[in-house]
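Numbering (our numbering), first residue to last: 12 to 768.
Cβ coordinates follow ideal geometry from the N, Cα and C atoms, glycine included.
The model shown is predicted, which means the values in this text are computed figures rather than measured ones.
These notes concern the structure reproduced below.
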Ligand code: SF4
């Protein structure tokens, strides 16, 4: 059994009291989102109300899930914490590193060879520290979590942006960076700005060609890619009760496309059926007992305008199937208007590939609905005019679909079943094409469709739709076809129509699997050794950063004064560097290579103060020369330094290459915290004009650290090349605990010290 029933019992045991305390603290009825969040406060039951969209709050999530690309650095860091096991149930899923080339079996076997060292590492760390390990081929993180771990009223974080998928099973599930996962696994609080709550009231009932996917495609059109930022989207209403649990998961999954923190549905009969159908009747019975806390209060339902920050209403009975794209998931086209849009915008009408499945849309219901159309193509003598691939979300779904003949039906129309992995959804797709420069169209039932996302080709126009619409288009091979109204010629020259798709929510014979791909960790992992090849260029065990030496920081060299925008991408670029995300030394060669040097306007070209006469070189190289000479260095930056993502590499790399201070006009908050966690000094100019005082050959001293106190500025003394000096104030936001991180050399060092006491 992969799920942890005792943990769930613990959450439910205190749910009623915590919700009651929250209602008292807030002084009004609560939305479901608020109930779950207040029930997961790090410091216990609520004693005060938090302001939505304003207050920063410490939470204690119940679970952590990690995918193989992001898990590497997260686990390398976790190992630094000195804990014998993870503080909360956690799991690792090998899904992102498998490339789709020819088909499931061969692709999986090649991935095993190519990524062996990463898989061995993840398996051994999981085994040692009590983490559930899902082998390559077991499935995609979110589908596996949905089938095994998600539970109504729970809270989890996952190191992947589509973690909100678990909201379909009533969980507040949020995508985070590796550093956040480390915090929670190490037993620390996890901080989040208390989100706003957007209500989506669903009325009516879907029928015919309309699917759950169309709800989120419609919502994306309304809210756009930024409309959900800082908010949790809460779905409710009688229409919600008519959507299958896996359909709810599809809707929540794609909440990431509108920038939402996450999305969530209330516990209902469909959710209950899903828990029972996935062999978790025990959890369904536990949830039944606390059902009143697993939905918004009645007063909220009766008067939603008064309780949600924004309210949207969708009548499912009137909802048309949608196609969204190209290049952005919020360009929403009802199917009745899509053909005209294709013509008007001159998008390639010829469809080259239809791809169904992924973590977003590969439920049994999805596959049976798509297969019902494939069967019609066979029965009605229709040719299939585009390539067609199927990516099952998990081995459970794949095995069951194979047993029930669904995969045979797909094979009969030329469908290729890919590995139970991300594959084309994340660009791991060796697509064969005669001419990559040709404008071309594909359509997927995935979630993202930004340029180059699927096949790396900027000329590919990717559209997103439900699996049944994708299948109908693949049969037609033409994006101007409307399956609701148009006919297609069959092999006998007759014009035929596709009937509405028919699906089965749960397999009649139940789900089945031979090997789900789960490896339980050792009961006592103390004797397990972690496998890392010392010669590996992809993985490297971390050494703890050195603690503070108890003195002011003197004689620091200016490494770079960055000008203008400096995001986490400028600080630690992605793309080809992702390969090294488990190897701090190697990935540090991308440190700040995208930042613009204020003195010459160039990227990755800074002056080395150690070269007589002042030679220019790449930023990481200059940093390494300072480090080799035993000198610390300083990065100076502009406004909102470190905006973008929570990528922890952007804080770890400077720390690794000897940068001790990052001094900027202002920080993006998450990056500032990440710097603090790595034991660095994150400072801001008390007077922003002082940014101009920093000269290219400056040496900096940081004064006042022996009395490092919350709220008290530090002093920065510049010594210019001509020997003159200038001293100014630098502010900081360290609290007492964060000052201890600085002194220990990092937050993880401090945890390790505390473990050993
Ligand atoms: Fe992310 Fe796509 Fe993989 Fe889902 S299938 S986890 S969306 S890459």
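Are residue i and residue j close, meaning C-beta to C-beta below 7 Å?
| i | j | result |
| --- | --- | --- |
| residue 479 | residue 447 | no |
| residue 85 | residue 189 | yes |
| residue 555 | residue 91 | yes |
| residue 43 | residue 245 | yes |
| residue 51 | residue 166 | yes |
| residue 774 | residue 310 | With the chain covering only 12 through 768, there is no way to say anything about residue 774. |
| residue 534 | residue 334 | no |
| residue 295 | residue 491 | no |
| residue 362 | residue 452 | yes |
| residue 625 | residue 614 | no |
| residue 375 | residue 518 | yes |
| residue 148 | residue 438 | no |
| residue 8 | residue 727 | Here the chain covers residues 12 to 768 and nothing more, so residue 8 does not appear. |
| residue 462 | residue 340 | no |
| residue 308 | residue 40 | yes |
| residue 53 | residue 200 | yes |
| residue 571 | residue 646 | yes |
| residue 609 | residue 562 | no |
| residue 481 | residue 454 | yes |
| residue 502 | residue 392 | yes |
| residue 103 | residue 132 | no |
What residues in its chain sit with their C-beta under 8 Å from that of residue i, if we drop five residues either side in the sequence?
| i | result |
| --- | --- |
| residue 203 | 67, 68, 70, 185 and 272 |
Count the other CB atoms, across all protein chains shown, that sit within 10 Å of the CB of residue i; report buried if there are 16 or more and exposed otherwise.
| i | result |
| --- | --- |
| residue 531 | exposed |
| residue 95 | exposed |
| residue 226 | buried |
| residue 217 | buried |
| residue 442 | buried |
| residue 618 | buried |
| residue 337 | buried |
| residue 389 | exposed |
| residue 379 | buried |
| residue 435 | buried |
| residue 179 | buried |
| residue 433 | buried |
| residue 585 | exposed |
| residue 498 | exposed |
| residue 508 | exposed |
| residue 699 | exposed |
| residue 640 | exposed |
| residue 356 | exposed |
| residue 237 | exposed |
| residue 314 | exposed |
| residue 169 | buried |
Within a Cβ cutoff of 7 Å, which residues of the same chain sit near residue i, ignoring the five residues on either side of it in sequence?
| i | result |
| --- | --- |
| residue 371 | 261, 264, 265, 456, 457 and 458 |
| residue 589 | 80 |
| residue 620 | 568 and 708 |
| residue 523 | 410, 411 and 414 |
Excluding the five sequence neighbours on either side, which residues of its own chain have a C-beta within less than 6 Å of the C-beta of residue i, listed in chain order?
| i | result |
| --- | --- |
| residue 278 | 163, 181, 298, 302 and 305 |
| residue 544 | 128 |
| residue 316 | 322 |
| residue 652 | 577, 675 and 678 |
| residue 287 | 295 |
| residue 369 | 402, 436 and 457 |
| residue 466 | 440 and 442 |
| residue 154 | 370, 404 and 405 |
| residue 757 | 556, 689 and 690 |
Going by DSSP, which residues form a beta bridge with residue i?
| i | result |
| --- | --- |
| residue 111 | 440 |
| residue 561 | Answer is none; residue 561 lacks a bridge partner. |
| residue 472 | 452 |
| residue 583 | 602 |
| residue 568 | 644 and 710 |
| residue 69 | 202 |
| residue 177 | Residue 177 is not bridged to any residue. |
| residue 184 | 167 |
| residue 217 | According to DSSP, which records beta bridges pairwise, residue 217 is partnered with nothing at all. |
| residue 344 | 334 |
| residue 324 | 212 |
Unbroken beta strand (DSSP E) runs of length 3 or more, entirely within the stretch 610-690: which are they? 617-619, 626-628, 644-648 and 670-675
Beta strand (DSSP E) segments (min. 3 residues) lying fully within the stretch 228-293: 242-247 and 273-276
Please list the segments of the alpha helix (DSSP H) lying wholly inside the stretch 719-764, counting only runs of 4 or more residues, in order along the chain. 747-755
Quick one: complete alpha helix (DSSP H) runs, 4+ long, within the stretch 361-419? 375-390 and 406-414
Identify every run of the alpha helix (DSSP H) within the stretch 465-553, keeping only runs that are complete inside it and at least 4 residues long; order them along the chain. 478-487
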